[in-house]
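Notes follow once the structure below has been shown.
In this note's numbering, the protein residues as written are 223 to 291.
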């Protein structure tokens with residue numbers, strides 16, 4: 223399973239990075255590459271009261287690619 227793509231500068235310097243992102247996310251249900259806020263929203267929810275009862279879970283944030291989109 224591959225993680226979803228998120229627009230960020232963090233992987234720079236880890237091997238050769240393509241100048242433009244791959245087209246894969248355009249075929250998924252969400253049809254776009256993730257933004258940092260897409261992941262940040264999950265982190266905020268988990269750290270706050272809304273996530274207080276969530277433990278030991280894997281949250282997949284990949285724009286629906288794992289469902290075969």
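All residues carry an ideal CB built from backbone N, CA and C; glycine is no exception.
Per DSSP, reduced to three states, the secondary structure at residue 286 is coil, with no helix or strand assignment. DSSP, reduced to helix, strand and coil, places residue 228 within a strand of the structure shown. Here residue 260 has 228 and 283 as same chain residues with Cβ atoms under 8 Å from its own Cβ, once five neighbours each way along the sequence are excluded. In the DSSP annotation of this structure, the continuous segment of the alpha helix (DSSP H) that includes residue 258 starts and ends at 258–269. In this structure, residue 287 and residue 250 form a Cβ contact; the two beta carbons are roughly 5 Å apart against a cut-off of 8 Å.
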